[in-house]
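In my numbering, the protein residues as written are 803 to 870.
We put the beta carbon where it would ideally sit given N, CA and C, even for glycine.
Written out as structure tokens, the structure is:
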């Protein structure tokens, strides 16, 4: 599970639903990205990174909780 994506979203004051709307995705996709169940495609990852001020690499390959 990636806490980085969740923490970055919360730091920006966004809910999963708000982030989903900004990315043109549904809330369940954001939940799955944060849980590490799926990865966004590259275009979505770029926008995700821009919105949250994090690296695209962190969106596509978030560090696991064990590595943190």
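#1: What whole-angstrom Cβ distance do residue 858 and residue 851 have, given they're in contact under 8 Å?
#2: Let me check understanding here. Comparing Cα to Cα, which of 861, 853, 860, 863 lies closest to residue 825?
#3: Cutting at 7 Å between CB atoms, please list the residues of its own chain near residue 829, excluding the five before and the five after it.
#4: Taking the alpha carbon of residue 831 as the reference point, which residue from 813, 856, 807, 815 has its own alpha carbon closest?
#5: For residue 862, tell me which candidate among 841, 855, 856, 849 has the shortest Cα-Cα distance.
Taking the coordinates as given:
#1: Residue 858 to residue 851, Cβ: 4 Å. Contact.
#2: In this structure, 853 is the residue among 861, 853, 860, 863 with its C-alpha nearest to the C-alpha of residue 825.
#3: Only 818, 819, 822 meet the Cβ criterion.
#4: Distances from the CA of residue 831 to each of 813, 856, 807, 815 were compared; the closest alpha carbon is that of 807.
#5: Out of 841, 855, 856, 849, 841 has the C-alpha closest to the C-alpha of residue 862.
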